[in-house]
Amino acid sequence: MAKRFLLKNLLEIGEGLCRDENVVIGYATERIDQRQPLSLGASARLRSGTVIYEGSIIGDHFATGHNVVIREANRIGDRVRVWSNTVIDYGCRIGSNVLIHCNVYIAQFTVIEDEVFIAPGTMVANDKYPLDKENLKGPTICRGARIGVNSTILPGIRIGRDAMIGAGSVVTRDVPDGMTWYGVPARDAG
-5 MAKRFLLKNL LEIGEGLCRD ENVVIGYATE RIDQRQPLSL GASARLRSGT VIYEGSIIGD
55 HFATGHNVVI REANRIGDRV RVWSNTVIDY GCRIGSNVLI HCNVYIAQFT VIEDEVFIAP
115 GTMVANDKYP LDKENLKGPT ICRGARIGVN STILPGIRIG RDAMIGAGSV VTRDVPDGMT
175 WYGVPARDAG
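Numbering (our numbering), first residue to last: -5 to 184.
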């Protein structure tokens, strides 16, 4: 296991961190119940403008583009890449070997399994009724799924293993494993 060091009791960083100027690691959350250490794995590469809140666990070989925000209470696996101008809101679970491209929003409580690709401009929602905090539920994007550019995934949706969503799609219902769906609303490409 790689060596780690602890700073101020709320920050644990693995060896080999490479970070640009203007990177914030362990930004204090306003959520008092979320005050937990940030654990950042070995060999992370963080580009300028990246802000990572305290209270997440991030695996080894994590990389960001510029101006990425990772909120609190996330669990992120190994070899995850999050490219420029992307936000991962709080309480998400992201597997290993995941690529989240530029200008993507990942809503609270989203689950992204291993080996998923999310193209630029994708928006992931978690509230069927805006401002209804009682019914927040992010979608689940299963292992090996690929999401096309500028797609929208609505709350509580399951995108199956190895499924593909075409560019510009709006996903309003569950997508079965291995299927290709596209359109508004997204349907089986059949």
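Backbone N, C-alpha and C fix where the C-beta goes; we use that ideal spot for every residue, glycine too. Since the structure is predicted, the reported quantities are computational estimates derived from the model, not experimental observations.
Along the chain, where does the beta strand (DSSP E) containing residue i start, and where does it finish?
i      : result
Thr174 : 174 to 176
Gly20  : 18 to 21
Ile46  : 45 to 47
If I measure Cβ to Cβ from residue i and keep anything under 7 Å in the same chain, skipping five residues before and after, which residues do I get?
i     : result
Val17 : Leu40, Ser42, Thr44
Would you list the residues sitting across from residue i in a DSSP beta bridge?
i      : result
Leu32  : Leu5
Leu130 : Asp121
Asp182 : Trp175
Leu40  : Arg13
Leu93  : Arg75, Phe111
Excluding the 5 residues flanking residue i on each side, which residues of the same chain have their C-beta closer than 6 Å to its C-beta?
i      : result
Ala139 : Val110, Ile153, Ala157
Gly185 : Nothing about residue 185 can be read from this structure; the chain reaches only from -5 to 184.
Leu11  : Ala38
Val169 : Ile153, Gly154, Ala157, Trp175
Thr58  : Leu40, Arg41, Thr44, Val76
Ile19  : Ile46
Give a yes or no on whether the C-beta atoms belonging to residue i and residue j are separated by under 8 Å.
i      : j      : result
Gly160 : Asp108 : no
Val74  : Tyr99  : no
Under the assumption that residue i contacts residue j (Cβ atoms under 8 Å), give the Cβ distance between them as a whole number of angstroms.
i      : j      : result
Ile151 : Arg167 : 7 Å
Lys131 : Asn120 : 6 Å
Ile46  : Tyr21  : 7 Å
Thr116 : Ser145 : 5 Å
Only counting the same chain, and skipping five residues up and downstream in sequence, which positions put a Cβ closer than 8 Å to that of residue i?
i      : result
Arg137 : Gly89, Glu107, Asp108, Glu109, Val110, Arg155, Asp156
I want to check one thing, is the minimum distance from the CB of residue i to the heavy atoms of the ligand FAD below 7 Å?
i     : result
Gly10 : The ligand content of the structure shown is nil, which means the ligand FAD is not present either.
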